[in-house]
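K.L.:
Counting along the sequence shown from 1, when you hit position 40 you're at 759 in the working numbering, and nothing is skipped either side.
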Amino acid sequence: MKTGVRGSTELEFLDNTHLVVGPNGEVRLDEFVYDPSSATGGGQLSLRIGAFRYQSGDLKNKEDVKLVTPTATMTIRGTHLVIFVAADGATEVNVIEGAVDVLACNTPSTVAVNAGQRINVTAGCATSVAGLRAMPRDYIPQSPDSAGPPIGDPGNDGPTDGPEVESQRQN
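Right, dumping it as structure tokens:
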């Protein structure tokens, strides 16, 4: 699924997981299995480019959900994330709540990223962990029907301290 220059959409899954896709975003649902009687299942979403907000739902085994970008694979651990994927595949993951394990470019070990932290994975697969980025509300993908301002180009109010984000802003 792709969104346009001024488009956005929100996907809600059977387990109440929410994924908001911002403008110029592209996502593919690779797999989703959910048994409501036991609240078990799993899935994989490929986030190819764009800005995303992910909130895990009622699935008991959240670690069976994977979010995949060109440079990172995230294993969910009860999570609220804001993710930016640049045209070159560079990925920034901001963990608002919960935690996520990140595997950069199929390296042999994961990096645990907790609430209040972010990880950057460059197109060359280098990783760095830091505190959350200060983001204006209109820079974080919002649900199309939310009461907040519409999402769109962050303009001069967006973050400016990383090449991944700068590359994203140029899309």
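Just so it is clear, CB atoms sit at the ideal spot from N, CA and C, and this is done for glycine as well.
Go ahead and label Asp749 buried or exposed: buried means 16 or more other beta carbons lie within 10 angstroms of its beta carbon, across all protein chains shown.
P.N.:
For the purposes of this step, residue 749 is identified with residue 30 of the sequence shown, where counting begins at 1. Label assigned to Asp749: exposed.
K.L.:
Anyone know if the C-beta pair for Val821 and Val832 falls short of 8 Å?
P.N.:
In the sequence shown, residue 821 corresponds to position 102, counting from 1. In the sequence shown, residue 832 corresponds to position 113, counting from 1. Contact flag set, yes.
K.L.:
With DSSP collapsed to three states, give me the class of Lys779.
P.N.:
Taking the first residue of the sequence shown as 1, we reach residue 779 at position 60. If DSSP states are grouped into helix, strand and coil, Lys779 belongs with coil.
K.L.:
Does DSSP put Met793 in a helix, in a strand, or in coil?
P.N.:
Here residue 793 refers to the residue found at position 74 when the sequence shown is read from its first residue. Note: Met793 maps to strand in three-state DSSP.
K.L.:
Among Glu745, His737, Leu733, whose alpha-carbon lies nearest the alpha-carbon of Tyr753?
P.N.:
For the purposes of this step, residue 753 is taken as the residue at position 34 of the sequence shown. When only C-alpha atoms are compared, the closest one is Leu733.
K.L.:
Whole-angstrom Cβ separation of Gly741 and Phe771, contact assumed at under 8 Å?
P.N.:
Translated into positions along the sequence shown, residue 741 becomes position 22. Translated into positions along the sequence shown, residue 771 becomes position 52. Yes, Gly741 and Phe771 are in contact; Cβ-Cβ is about 7 Å, under 8 Å.
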